[in-house]
Amino acid sequence: MDRTRPLTLLLAGALAAGGLLAITPAAAVAADSEVARNGGFEAGLDGWTCTAGSGAVVSSPVHGGTKALQATPAGSDNAKCSQTVTVKPNSSYELSGWVRGSYVYLGASGTGTTDVSTWTASAPAWQRLSTRFTTGASTTSVTIYTHGWYGTPAYQADDLSLFGPGGDPVQLPAAPTGLAAGSPTSTTVPLTWTAVSGATSYHVYRGTTKVQTVTGTSATVTGLTASTPYTFQVTAANSAGESPKSAAVTATTTSGGGGNPGLPAHALVGYLHASFANGSGYTRMADVPDSWDVINLAFGEPTSVTSGDIRFSLCPATECPNVESVADFKAAIKAKQAAGKKVLISIGGQNGQVQLSTTAARDTFVSSVSKIIDEYGLDGLDIDFEGHSLSLQTGDTDFRNPTSPVIVNLIQAVKTLKAKYGAGFVLTMAPETFFVQLGYQYYGSGPWGGQDPRAGAYLPVIHALRDDLTLLHVQDYNSGSIMGLDNQYHSMGGADFHIAMTDMLLTGFPVAGNSERFFPALRPEQVAIGLPASTQAGNGHTSPAEVNKALDCLTKKTNCGSYQTHGTWPALRGLMTWSINWDRYNQWQFSQNFDAYNWS
2 MDRTRPLTLL LAGALAAGGL LAITPAAAVA ADSEVARNGG FEAGLDGWTC TAGSGAVVSS
62 PVHGGTKALQ ATPAGSDNAK CSQTVTVKPN SSYELSGWVR GSYVYLGASG TGTTDVSTWT
122 ASAPAWQRLS TRFTTGASTT SVTIYTHGWY GTPAYQADDL SLFGPGGDPV QLPAAPTGLA
182 AGSPTSTTVP LTWTAVSGAT SYHVYRGTTK VQTVTGTSAT VTGLTASTPY TFQVTAANSA
242 GESPKSAAVT ATTTSGGGGN PGLPAHALVG YLHASFANGS GYTRMADVPD SWDVINLAFG
302 EPTSVTSGDI RFSLCPATEC PNVESVADFK AAIKAKQAAG KKVLISIGGQ NGQVQLSTTA
362 ARDTFVSSVS KIIDEYGLDG LDIDFEGHSL SLQTGDTDFR NPTSPVIVNL IQAVKTLKAK
422 YGAGFVLTMA PETFFVQLGY QYYGSGPWGG QDPRAGAYLP VIHALRDDLT LLHVQDYNSG
482 SIMGLDNQYH SMGGADFHIA MTDMLLTGFP VAGNSERFFP ALRPEQVAIG LPASTQAGNG
542 HTSPAEVNKA LDCLTKKTNC GSYQTHGTWP ALRGLMTWSI NWDRYNQWQF SQNFDAYNWS
């Protein structure tokens with residue numbers, strides 16, 4: 002009522018004065034209207050950006066119309082879907098929407114005053130959320146969003162609305178400038194460019210194909226072919242549309258060093274208990290069947306956890322009565338190599354904790370491992386760091402630029418060994434799923450601390466050495482359930498686990514749900530699946546029939562079950578097993594099944 006009184010008094014005064022006056026309003030007030038775009042999701046995700054690919058449009062359940070948003074939290078990603086809209090300064094707005102699920106949030110940021118949010122702990126049926134805010138004196142845009150909570154199921158949102166004065170029309174951004182390519186690898190090219198005013202995202206093109214959309218001013222294009230030139234351009238985008246393309250930049254991928262140093266197209270890798278005995282018994286090097294293409298000597302172990310001084314010797318006769326002499330062992334290695342086999346020293350294992358926490362330990366590692374390789378005439382090195390060997394210090398959050406000494410020193414040590422022995426040096430790694438695939442959900446101690454600092458800790462090592470890496474064979478055993486790219490948990494023991502875990506390596510994934518930190522895919526010829534050779538060898542034994550199903554799915558896209566892979570990889574290198582000794586104990590079931598498998 003009070004808002005109309007000044008105008009009524011003014012009119013009365015003018016009439017009383019007996020004159021007819023023209024009244025001009027001070028400034029037209031923008032009429033309240035709907036400011037959000039596609040709040041009912043009838044046009045899909047047009048106008049909305051969801052973190053880590055967490056959002057999708059569904060036709061059921063819906064609140065109004067025929068579509069609604071469904072978003073799924075995963076790991077440290079809370080499935081945030083947002084939209085930046087233009088607003089007027091010093092204006093009031095009402096934000097509302099309908100949601101279903103547990104711990105669903107609706108809010109606005111960048112208001113210029115007090116950012117707002119509202120939430121519901123439980124909405125088994127559609128529930129309306131609403132909140133209000135006033136923009137600051139210079140605020141011309143705000144971001145509205147909805148998100149779930151960590152570890153909760155998918156939530157739904159529909160009919161999201163921001164009601165208030167419409168802002169000035171959004172201008173199409175200019176084309177980005179300063180596009181530059183960093184140092185390529187054999188499969189990736191990093192790109193950077195200058196920020197564009199008004200842009201909310203950027204599209205990256207390889208030739209004429211759009212390959213990525215990012216919100217920052219850098220991206221790494223993955224999945225490229227070695228020794229190949231590529232041309233890239235970038236556009237800027239906002240709600241008004243997409244800018245013209247930037248000037249083009251060309252980069253050529255490297256030839257790579259990990260490739261195929263004399264391995265067959267499909268290889269079988271096994272660990273030979275050379276320095277100890279267990280229930281499987283001792284197997285002489287000369288008695289290892291020709292099925293095995295890579296033989297990893299288990300294990301080289303440190304004199305102490307932090308010394309970096311690695312030692313290897315054959316199992317003592319008191320423990321292994323049938324152990325061969327050192328001379329016979331070396332002669333058998335040469336015979337295997339003459340037959341085209343590779344023999345490596347494997348460092349670590351369950352009991353061999355190795356922490357290269359100092360540069361002195363790093364240098365000792367290089368010299369002591371070199372001594373073993375030279376003494377036995379070996380072809381290379383297998384990194385089997387387990388337990389607490391690798392962990393990430395607090396604040397070490399980007400796998401592309403690690404800062405933790407045990408990580409940095411290991412990378413430098415392996416690069417030194419690679420440089421010393423040249424292109425024929427065979428480098429393999431056998432991490433546990435905890436150190437690799439778990440990185441999809443968790444990385445180190447996390448943004449708020451409290452997580453296990455070992456989570457995903459192999460990722461920076463694999464990434465830094467990907468051009469030197471011959472084979473990565475993650476241990477798909479002795480593992481808890483791990484979330485795959487379908488955001489479902491997968492458990493060991495069947496084909497599904499190996500399919501989901503291997504698909505992650507061959508597709509790549511955002512680390513800890515951060516799409517800006519994407520772990521690039523490995524080449525299929527760099528990947529083998531790690532399994533126990535028998536039920537006695539480790540938890541998660543997989544029957545030969547299930548092993549074959551996994552190979553069928555990954556190489557032929559048949560027998561996939563419920564999991565849908567992101568590609569088909571006939572060049573998948575093969576299988577790794579713990580161990581040759583346990584396979585012998587089990588009447589060579591594992592290796593004979595591999596030999597009989599039809600890869601075509």
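Residue numbers (my numbering): 2 to 601. Backbone N, C-alpha and C define an ideal beta-carbon position, used for all residues, glycine too. In this text the structure is predicted, and so the values were computed from the model without any measurement.
Classify Trp600 as helix, strand or coil using the three-state DSSP reduction. coil
Run through DSSP, which three-state label would Leu22 get? Unreliable placement is indicated for Leu22, whose pLDDT of 36 sits below 50; the coordinate value is still reported in the next sentence. The answer is coil: DSSP assigns Leu22 none of H, G, I, E or B.
Going by DSSP, what residue range makes up the alpha helix (DSSP H) through His204? Not the alpha helix (DSSP H): His204 falls in the beta strand (DSSP E), residues Ser202 to Arg207.
Roughly how many angstroms lie between the CA atoms of Pro461 and Ser162, to the nearest whole one? 42 Å
Please identify the residue among Ser93, Asp497, Thr284 and Gln71 whose C-alpha is closest to the C-alpha of Ser103. Gln71
Contiguous beta strand (DSSP E) assignments of at least 3 residues, all confined to the region 135-214: 142-148, 156-166, 190-193 and 202-207
Less than 7 Å between CB atoms is the rule here; does Gly217 satisfy it with respect to chain B? No chain B is part of this structure, which consists of one protein chain only.
In terms of residue numbering, what span does the alpha helix (DSSP H) encompassing Ala361 cover? Thr360 to Tyr377
Using only alpha-carbon positions, find the residue among Leu573, Thr73 and Arg401 that is nearest to Val512. Arg401
I need the boundaries of the beta strand (DSSP E) containing Glu547, first residue and last residue. That residue, Glu547, is in no beta strand (DSSP E); its alpha helix (DSSP H) goes Pro545 to Lys557.
Run through DSSP, which three-state label would Asp385 get? strand
For the beta strand (DSSP E) that contains Pro406, what are its first and last residues? Where Pro406 is concerned, there is no enclosing beta strand (DSSP E), although the alpha helix (DSSP H) it sits in stretches over Pro406 to Tyr422.
For Thr434, name the three-state secondary structure that DSSP assigns. helix
If contact is defined by three or more beta carbon pairs under 8 Å, each pair taking one atom from either stretch, is the region 213-227 in contact with the region 145-165? no
At least three beta-carbon pairs within less than 8 Å, the region 184-192 to the region 486-494: no
From the DSSP output, in three-state form, read off Val222 for me. strand
So which of Phe233, Asp291 and Gly45 has the shortest CA-CA distance to Gln213? Phe233
Integer Cβ distance of Pro533 from Trp570, believed to fall under 8 Å: At roughly 23 Å, the Cβ-Cβ gap does not stay under 8 Å, so Pro533 and Trp570 are not in contact.
Which term fits Gly20, buried or exposed, when burial requires 16 or more other beta carbons within 10 angstroms of its beta carbon? With a pLDDT of 38 at Gly20, under the threshold of 50, the predicted position of this residue should be treated as unreliable, and no value is reported.
Which residues bound the beta strand (DSSP E) around Phe313? Careful: Phe313 lies outside any beta strand (DSSP E) and carries neither H nor E.
Please state the DSSP three-state secondary structure of Lys331. helix
When you compare only the Cα positions, how much space is there between Gly485 and Tyr441? 8 Å
Taking the alpha carbon of Ala318 as the point to measure from, which residue in Ala431, Ala333, Val355 and Arg285 has its own alpha carbon closest? Arg285
Could you tell me the alpha carbon to alpha carbon distance between Leu418 and Gln394, rounded to whole angstroms? 25 Å
What beta strand (DSSP E) runs, 3 residues minimum, are completely inside the region 473-526? 510-512 and 515-520
With DSSP as the reference, identify every bridge partner of Asp469, one or two as the case may be. Asp469 pairs with nothing; no bridge assigned.
Among residues of its own chain, excluding the 5 on either side of Ala23, which ones have a beta-carbon nearer than 7 Å to its beta-carbon? With a pLDDT of 37 at Ala23, under the threshold of 50, the modelled position of this residue cannot be trusted, and the question is left open.
Determine the contact status of Ala546 and Gly575, defining contact as a CB-CB distance below 7 Å. no
Taking Cβ to Cβ, would you say Tyr156 is nearer than 7 Å to Val105? yes
If we count the other Cβ atoms within 10 Å of its Cβ and call it buried at 16 or more, is Val344 buried or exposed? buried
Can you tell me whether DSSP reads Val462 as helix, strand or coil? helix
DSSP three-state assignment for Gln593, whether helix, strand or coil: helix
Using three-state DSSP, classify Tyr441 as helix, strand or coil. helix
Reduced DSSP category for Tyr272 - H, G, I as helix; E, B as strand; rest coil: strand
Less than 7 Å between the beta carbons of Ile500 and Tyr564, yes or no? yes
Between which residues of its own chain and Gly65 is the CB-CB distance below 8 Å, once the five residues before and five after are set aside? Gly41, Trp99, Asp159 and Asp160
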